[in-house]
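**Student:**
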Amino acid sequence: MNILLVYPHYPATFWSFRYAMKFIDRKASFPPLGLLTVAAMLPGAWEQRLVDMNVSVLTDQDLRWADYVFISAMSIQRQSAEAVIERCRRLGVKTVAGGPLFTSCHEDFPDVDHLVLGEGEIALPLFLEDLERGTPRRLYTAEGWAQLGETPTPRWNLVDMADYAAMNIQYGRGCPFDCEFCDITALFGRRPRSKPLPRLLAELESLYALGWRGAVFFVDDNFIGDKPRLKREILPALIAWMETRDFPFYFYTEASIDLADDPQLLELMVRAGFEEVFIGIETPDEAGLAESGKLQNKNRDLLDSVKSIQQGGLQVHGGFIVGFDSDPESIFERQIRFIQESGIVTAMVGILTAMRGTKLFQRLEREGRLLKDSGGNNTAIDLNFVPRMPPEALIAGYQRILDTIYAPKQFYQRVINLFREYRPRPQGRFHRQPGHIGAFFKSMLLMGVLGQGRRHYWKLFFWSLLRKPRLFPLAITYAVYGYHFRKVADKMRESGMFDGHGGWEEDGGQPA
Ligand code: SF4
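At position 410 of the sequence shown the residue is numbered 518 (our numbering), and the sequence of numbers has no breaks.
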């Protein structure tokens, strides 16, 4: 059996970091972890190939080679996934689809031959058994949640690691919180499940043995869902593993803001090699937090919490949302002020989106306020519900936030604000790779010589060189991120998205 695993193309959004990849001669942020894991669950005798359309071209020859094309996608990849399915249909190649896009709206894909929905560890074996018997059904839906002890190590050998800026692994699934707009609890449940320690270490060991050095992203939606286990078992073992191998990786992940309340957990994470954490801040407005059920962010000084984490040794990246029913007119200025003061350099701001499967979707449906389905990208001007605020005011305010926070003056100043608070671990080092030298010179040319806001670039350059020399490489990394954010914001403006039309361009992608 010949199996082709296809990961559809995603457009250049704030999240893709596509324009930053060019600086370090990488093609994408990280490989398709879900497909690599599915590959490891397929019978060993089957021939397998993988095409990640974000790093290489999917040809008709690839498709014709396959007996089955396995497609996994998130909502943001919908356009490309549809095109791949259509190509397979035309060529008469059978398709098997799974992942969040298909799990949340499988009815939209009548041309897929087999849908394997929910957790692959449960649904995929059912499909494989029926396939073996020659009687595969069209629809398989996982009942319940998988025990992650059964999840195999991803088949990293199906990708060229040199194409990616980071590798990714998953420790756990599920989140104890239940924010109204988030689909994580619908997809993975509220009880955090995690891999047994030996499985986790085996995955790290496999990356190490394959020669990977540098960034490893723990893709968990909330890494600290089960704090006692992390402190008791996982982080001490991770520290020992990293020390024995002289810190070959540095880690980043996503966590909830209550990380700030647990200095012991924070310290263990930093000692284990964590350097960055993405946190859903959402809004500095208490009413918005209450409305969205973001209870862990309520009744606290969010600015103080962010600074505690930075001072504890982690750079904080943040997600922000505008468009809550309770948002006052002043929300845009408050968001800008918060982002600037917090030193959250990588600030991802989006308009509230009602994704299928969320409590928000159900509420807005009940209230008759849904407009259309979400494209799955909450940083697009893609209103899929009727907001309380006039839509023009919401979009104009959103544009004002983007225009301000990514502008060179404010962006570089935020890096300085971060560096004033950030205390990296004493033994920490920034893992330089050959591409980073090239990135350094490219950044000087593109931002220091040709770019707008050159003055601010050089201010950060010399400030960090003289005042925080150890953080100087990080200053360049953030400068490159800023270039990416401005480029995406420019593309949005050019495509007319702020004027209520246009959409994400495939931008540099391939004909799917
Ligand atoms: S804390 Fe994060 S992952 Fe958990 S429900 Fe809220 S938004 Fe989702």
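Ideal placement from N, C-alpha and C gives every residue a C-beta, glycine not left out.
For a minimum of 4 consecutive residues, which ranges assigned as the alpha helix (DSSP H) are wholly contained in the segment 182–237?
**Tutor:** Taking only runs of at least 4 residues, the alpha helix (DSSP H) segments lying wholly in the segment 182–237 are 186–199, 208–212.
**Student:** When the Cα atoms are used, what is the spatial distance from residue 512 to residue 430?
**Tutor:** The residue given as residue 512 occupies position 404 in the sequence shown. The residue given as residue 430 occupies position 322 in the sequence shown. Cα to Cα, residue 512 sits roughly 15 Å from residue 430.
**Student:** Hey, is residue 556 close to the ligand SF4, as in C-beta under 7 Å from one of its heavy atoms?
**Tutor:** For the purposes of this step, residue 556 is taken as the residue at position 448 of the sequence shown. Result no, Cβ not under 7 Å from the ligand SF4.
**Student:** Select from 514, 388, 577 the residue whose C-alpha is nearest the C-alpha of residue 531.
**Tutor:** Translated into the one-based positions of the sequence shown, residue 531 becomes position 423. For residue 531, the nearest C-alpha among the options comes from 577.
**Student:** For a test of your reading of the model: does the CB of residue 319 fall under 7 Å from any non-hydrogen atom of the ligand SF4? Yes or no.
**Tutor:** Taking the first residue of the sequence shown as 1, we reach residue 319 at position 211. Outside the cutoff, so no.
**Student:** Does DSSP classify residue 525 as helix, strand or coil?
**Tutor:** If you number the sequence shown from 1, residue 525 lands on position 417. Helix.
**Student:** When burial is assigned at 16 or more other CB atoms within 10 Å of the CB, is residue 517 buried or exposed?
**Tutor:** The residue you call residue 517 lines up with position 409 of the sequence shown. Flag for residue 517 reads exposed.
**Student:** Below 8 Å, how does it come out for the segment 175–189 and the segment 269–286: are there three or more Cβ pairs, yes or no?
**Tutor:** Taking 8 Å as the limit for Cβ pairs, the verdict is that the segment 269–286 does not touch the segment 175–189.
**Student:** Note the first and the last residue of the continuous alpha helix (DSSP H) segment covering residue 560.
**Tutor:** Position 452 of the sequence shown holds residue 560. Taken as a continuous stretch (DSSP letters only), residue 560 belongs to no alpha helix (DSSP H), as it is neither H nor E.
**Student:** Tell me the DSSP secondary structure of residue 533 in three-state form.
**Tutor:** On the sequence shown, position 425 is the one that residue 533 refers to. The answer is coil: DSSP assigns residue 533 none of H, G, I, E or B.
**Student:** Look at the alpha carbon of residue 408 and the alpha carbon of residue 449, and state the distance between them as a whole number of angstroms.
**Tutor:** The count along the sequence shown starts at 1 and reaches residue 408 at position 300. The count along the sequence shown starts at 1 and reaches residue 449 at position 341. Rounded to the nearest angstrom, the two C-alpha atoms are 16 Å apart.
**Student:** Tell me which residue opens and which closes the alpha helix (DSSP H) that residue 168 is part of.
**Tutor:** Numbered from 1 along the sequence shown, position 60 holds the residue referred to as residue 168. Unbroken alpha helix (DSSP H) run through residue 168: 168–173.
**Student:** Thinking just about the alpha-carbon of each residue, which of 150, 114, 346 is nearest to the one in residue 140?
**Tutor:** Along the sequence shown, read from residue 1 onward, the residue named residue 140 stands at position 32. Closest option to residue 140, Cα to Cα, is 114.
**Student:** Whole angstroms are fine: how far does the CA of residue 432 sit from the CA of residue 458?
**Tutor:** Position 350 of the sequence shown, counting from 1, holds the residue named residue 458. Position 324 of the sequence shown, counting from 1, holds the residue named residue 432. Answer to the nearest angstrom: the Cα atoms are 11 Å apart.
**Student:** Let me check you understand the geometry: is the CB of residue 132 closer than 7 Å to at least one non-hydrogen atom of the ligand MG?
**Tutor:** Ligands in the displayed structure: the ligand SF4; the ligand MG is not one of them.
**Student:** What three-state label does DSSP hand residue 383 in the structure shown?
**Tutor:** Looking up residue 383 in the sequence shown gives position 275. Three-state DSSP puts residue 383 in a strand.
**Student:** From the DSSP output, in three-state form, read off residue 440 for me.
**Tutor:** Looking up residue 440 in the sequence shown gives position 332. Helix, per DSSP.
**Student:** Give the DSSP-derived three-state secondary structure of residue 504 in the structure shown.
**Tutor:** Counted from its first residue, the sequence shown places residue 504 at position 396. Three-state result, residue 504: helix.
**Student:** Name the DSSP beta bridge partners of residue 455, please?
**Tutor:** On the sequence shown, position 347 is the one that residue 455 refers to. Paired residues: 426.
**Student:** Residue 463 and residue 273: beta carbons closer than 8 Å?
**Tutor:** Here the question's residue 463 lines up with position 355 in the sequence shown. Here the question's residue 273 lines up with position 165 in the sequence shown. No; because the gap between Cβ atoms is not below 8 Å, this pair is not in contact.
**Student:** Taking the alpha carbon of residue 275 as the reference point, which residue from 165, 204, 359 has its own alpha carbon closest?
**Tutor:** The sequence position of residue 275 within the sequence shown is 167, counting from 1. The shortest Cα separation from residue 275 among 165, 204, 359 belongs to 359.
**Student:** Residue 180 and residue 226: beta carbons closer than 8 Å?
**Tutor:** Here the question's residue 180 lines up with position 72 in the sequence shown. Here the question's residue 226 lines up with position 118 in the sequence shown. Not a contact, by the Cβ cut-off of 8 Å.
**Student:** Is any heavy atom of the ligand SF4 found at a distance shorter than 7 Å from the C-beta of residue 330?
**Tutor:** Here residue 330 refers to the residue found at position 222 of the sequence shown. At least one heavy atom of the ligand SF4 is nearer than 7 Å to the Cβ of residue 330, so yes.
**Student:** With respect to the alpha helix (DSSP H) encompassing residue 637, which residues constitute its N-terminal and C-terminal limits?
**Tutor:** Residue 637 cannot be examined here, being either before or after the span of the chain that is shown, 109 to 620.
**Student:** What residue range is occupied by the uninterrupted alpha helix (DSSP H) comprising residue 299?
**Tutor:** Position 191 of the sequence shown, counted from the first residue, corresponds to residue 299. Unbroken run through residue 299: none, as it is neither H nor E.
**Student:** Tell me whether residue 432 counts as near the ligand SF4, meaning its Cβ is closer than 7 Å to at least one heavy atom of that ligand.
**Tutor:** For the purposes of this step, residue 432 is taken as residue 324 along the sequence shown, with counting starting at 1. It does not: the Cβ of residue 432 is nowhere closer than 7 Å to a heavy atom of the ligand SF4.
**Student:** Using three-state DSSP, classify residue 160 as helix, strand or coil.
**Tutor:** As a first step, residue 160 must be located in the sequence shown, where it is residue number 52. Three-state result, residue 160: strand.
**Student:** So, for residue 291: in the same chain, excluding its five sequence neighbours on each side, which residues have a beta-carbon less than 8 Å away from its beta-carbon?
**Tutor:** By 1-based counting over the sequence shown, the position of residue 291 is 183. 208, 212, 463, 464, 465, 466, listed in sequence order.
**Student:** For residue 261, name the three-state secondary structure that DSSP assigns.
**Tutor:** Your numbering for residue 261 matches position 153 in the sequence shown. DSSP places residue 261 in coil when its eight states are reduced to three.
**Student:** List the whole-angstrom C-beta distance separating residue 520 from residue 567, where the pair is believed to meet the contact cut-off of C-beta under 8 Å.
**Tutor:** Residue 520 sits at position 412 when you count from the first residue of the sequence shown. Residue 567 sits at position 459 when you count from the first residue of the sequence shown. That pair is a contact at about 6 Å.
**Student:** Please work out which residues of its chain come closer than 8 Å, Cβ to Cβ, to residue 127, disregarding the five sequence neighbours upstream and downstream, and give them in chain order.
**Tutor:** In the sequence shown, the residue the question calls residue 127 occupies position 19. Excluding positions up to five away in sequence, the list reads 120, 591, 592, 595, 596.
**Student:** Three or more C-beta pairs closer than 8 Å, one from the segment 327–346 and one from the segment 364–381: is that the case here?
**Tutor:** Yes, they touch.
**Student:** Measure the beta-carbon distance from residue 194 to residue 170 and round it to whole angstroms, keeping in mind my assumption that it falls under 8 Å.
**Tutor:** The residue labelled residue 194 in the question sits at position 86 within the sequence shown. The residue labelled residue 170 in the question sits at position 62 within the sequence shown. In fact, because the Cβ distance is near 15 Å, the residues do not count as touching under 8 Å.
**Student:** Would you say residue 152 touches the ligand SF4, meaning its beta carbon is less than 7 Å from a heavy atom?
**Tutor:** If you number the sequence shown from 1, residue 152 lands on position 44. Every heavy atom of the ligand SF4 is 7 Å or more from the Cβ of residue 152, so no.
**Student:** As a quick exercise: from 250, 570, 202, 260, pick the residue whose alpha carbon is nearest that of residue 239.
**Tutor:** Residue numbering aside, residue 239 sits at position 131 when the sequence shown is read from its first letter. It is 202.
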